[in-house]
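K.L.:
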Amino acid sequence: MKNTTLCYIERDGQYLMLHRVKKENDENRDKWIGIGGKFEDKESPEDCLLREVLEETGLALTRYRYCGIVTFVSDRWPTEYMHLFHATGFQGQLRDCGEGELAWIGKHELCRLQQWQGDKIFLRLMEEGRPFFSLKLVYEGDRLTNAVLNGERMDDTWKIF
């Protein structure tokens, strides 16, 4: 199992998104995701968040919210506990990222990007300002087969995301 952070940095109705195209054998290859990465020893979720955002973007977060934890279960990859954040304050200059291409994308345009289906669920929960949540997403290959929110199986409406 691994622990990671993922942050959606917001500016003027846009999120800073990372198009993962630079690493081979990347479970997120060709997908658009937020900014984040794996915990290092002795890091808290906030420590990891701040370090990863600075390393990948050159931005230092000044205002952020811990939204929830997302458990990814896959038939291909180890189980992952992803700590989800939303940031609205930052300083610094955006720089190139070794993980992929960074771009500011309008929130209404996200649905057109190649993403994991479950990302659309937690983005919606985050956008709605839901209190801290636990979301479990189960995948077979790239296909989302089950979604459980706060211990309760979501009905099939998640399939429309």
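One gets my numbering by counting positions in the sequence shown from 1 and adding 194 to each.
Just so you know, even glycine gets a beta-carbon here, dropped at the ideal spot from N, CA and C.
Which value, in whole angstroms, describes the spacing of the CA atoms of Gln-208 and Cys-261?
P.N.:
18 Å
K.L.:
Taking just the CA atoms, how far does Phe-327 sit from Asn-344?
P.N.:
6 Å
K.L.:
Quick one: which unbroken alpha helix (DSSP H) runs of 4-plus residues sit fully inside the segment 242 to 301? Chain order, please.
P.N.:
none
K.L.:
I'd like the list of long-range same chain contacts for Gln-309, defined as Cβ closer than 8 Å, with 5 residues on each side in sequence excluded.
P.N.:
Lys-225, Trp-226 and Ile-227
K.L.:
Excluding the five sequence neighbours on either side, which residues of its own chain have a C-beta within less than 6 Å of the C-beta of Tyr-409, listed in chain order?
P.N.:
Lying before the first or after the last residue shown, residue 409 is absent from the chain, which here runs from 195 to 355.
K.L.:
Pick helix, strand or coil for Phe-355, following the three-state DSSP scheme.
P.N.:
A caution first: Phe-355 carries a pLDDT of 48, below 50, which makes its placement in the model too unreliable to give a value.
K.L.:
So, for Asn-197: in the same chain, excluding its five sequence neighbours on each side, which residues have a beta-carbon less than 6 Å away from its beta-carbon?
P.N.:
Phe-233 and Tyr-275
K.L.:
Which partner residues of Gln-208 appear in the DSSP bridge assignment?
P.N.:
Per DSSP, the beta-bridge partners of Gln-208 are Arg-205 and Gly-300.
K.L.:
Mark Glu-334 as exposed unless 16 or more other C-beta atoms lie within 10 angstroms of its C-beta, in which case mark it buried.
P.N.:
exposed
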